[in-house]
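The structure under discussion appears below in the form of structure tokens.
Residue numbers (mature numbering (1 follows the signal peptide of the UniProt record, and there is no 0)): -23 to -1, 1 to 458.
Structural data, given as structure tokens:
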């Protein structure tokens, strides 16, 4: 069955399920808890997240993930967000887009890294999206609509899932087919919600230490793209930018005290990784960074462009050149995690995984459980064909990142290489559960339980699998209604 026909029913089933239990949930005291509580909104958001994971191509670069999480939590700490349980997804798409969903779901396309030239511009989009979440705009839409439009809202939420994929036109088609183009216009946040998200977002942007003028800078460039581009950025479909909106954000920024803002090197690093990854002609991006490096005078820009050159060489499989470009940066900041990870990536690519492992071991002693370092270590173990050690290491790492679908997928693959068939099925079950694919999750757990029962060597593990099976079956019943 297609996504278009199944996701709306799933979201609607979740809403009806949570609404039926509303009397048993505690009052949270917010102004719209009479219709949708924070817990119900969180549950709806988690279902939305599972739909995104199923339908949208995602990217799993640990350095990008780590950067996005750190930046968003920094902004969230200065926001009015009541529930800080945030979930993140990075869509593998060059289209400029970002979205917020009920229950703290924050998503960005990699295209946002490509189009936001400074960290302040990137942060302005994230601050705007966090404001949508903190002000609970989706829940307020339900409050205004009341029950008569819940099915329609469920369809709209499902369509956001499809619009978040690399080709948003499929989402528009889904909306048009199910509800008509009048419904499509309701997908976009209302003008008042957009204005509120701008106002609150720009305040939070400033309070978090960013230049509030960066919001209008990005808006101006987006408006220019809309005027002269053949197709407007997908972000503009749900976040229309007008001259008045730009003027309003510029005016608000001018009310804050003037200050000097320096670019964050880490943003230049992750942006360079995205640019090098998507560059169709790697020689061109190498040449561009060489020229930028020659013209750079600011220290941060010099280091950012030097890293861009190194990672572009790495993407072009010029590993010796990549190592040479990275060497001055490592000499300057030998413990900077992004440099360390990149050095390990270069060593692993040069068929020197044991050198990478020795190098990473020292840094993991300084930064235990760090996600980018841990994943670089896991990839080096896999490259060294130490599959049992790699699987064991990632299983331990998953204790801190149990919601990371890409991690569970890699664990399953590695357990297979190690010959641990029961662990393959258990890891696949975790992956399918995160995707909301409960039928396959249940099937994988049944395979694992059968294998463990036949061996009869680990009764606690059997009990653990049985308990997980009960949880998956219960979830399957909820979402099949």
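Every residue, glycine too, gets a C-beta built ideally from N, C-alpha and C.
In this structure, the alpha-carbon of residue 86 lies about 22 Å from that of residue 385. The continuous alpha helix (DSSP H) containing residue 406 extends over residues 398 to 412.
Within the same chain, 317, 320, 321, 324 come within 8 Å of residue 336 by CB-CB distance, once the 5 residues on both sides are set aside.
In this model, residue 313 and residue 426 are separated by some 44 Å (Cα to Cα).
Assignment of residue 14 by DSSP, reduced to helix, strand and coil, places it in the coil class.
Under the three-state reduction of DSSP, residue 75 is assigned to strand.
Bridge pairing for residue 66: 84 [DSSP].
Close CB contacts of residue 183 within its chain, under the 6 Å cut and outside five residues either way in sequence, are with 189, 233 (chain order). For the 8 Å CB-CB criterion, residue 327 and residue 290 do not form a contact.
Counting only residues of its own chain and dropping the five nearest sequence neighbours on each side, residue 281 has a CB closer than 7 Å to the CB of 242, 245, 246, 249. Excluding five sequence positions before and after residue 392, the CB atoms of its chain that fall closer than 7 Å to its own CB belong to 368, 400, 401, 404, given in chain order. Between residue 112 and residue 37, the alpha-carbon positions lie close to 29 Å from each other. For the pair residue 23 and residue 80, the CB atoms are nearer than the 8 Å cut-off. Nearest neighbour of residue 382 by Cα position, chosen from 35, 181, 198, 454, turns out to be 35. Put simply, the backbone Cα of residue 374 is about 13 Å away from that of residue 39. For residue 450 against residue 419, the beta-carbon gap comes to about 6 Å, under 8 Å, which counts as contact. Short of 6 Å from the beta carbon of residue 177, and not among the five residues preceding or following it, lie these beta carbons of its own chain, in chain order: 108. Rounded to whole angstroms, residue 103 and residue 453 show a C-alpha spacing of 33 Å. In the pairwise beta carbon analysis, the stretch 187 to 201 is classified as touching the stretch 223 to 233: at least three pairs are separated by under 8 Å. Taking the Cα positions, residue 56 is about 26 Å away from residue 347. Separation of residue 100 and residue 187 (C-alpha to C-alpha, rounded to the nearest whole angstrom) is 8 Å. Annotation for residue 298: 290 place their beta carbon closer than 7 Å to its own, counting only its chain and skipping 5 residues before and after. Its Cα nearest to that of residue 388, the residue 356 stands out among 440, 414, 356, 361.
In the structure shown, residue 274 adopts coil according to DSSP, grouped into three states.
Between residue 307 and residue 350, the alpha-carbon positions lie close to 15 Å from each other. Between residue 52 and residue 185, the CB-CB gap stays under 8 Å. Short of 6 Å from the beta carbon of residue 19, and not among the five residues preceding or following it, lie these beta carbons of its own chain, in chain order: 80.
Cα atoms of residue 377 and residue 271: separation of roughly 42 Å, rounded to the nearest angstrom. Under DSSP, residue 35 shares a beta bridge with 68. One thing to note: residue 27 has its Cβ within 8 Å of the Cβ of residue 412.
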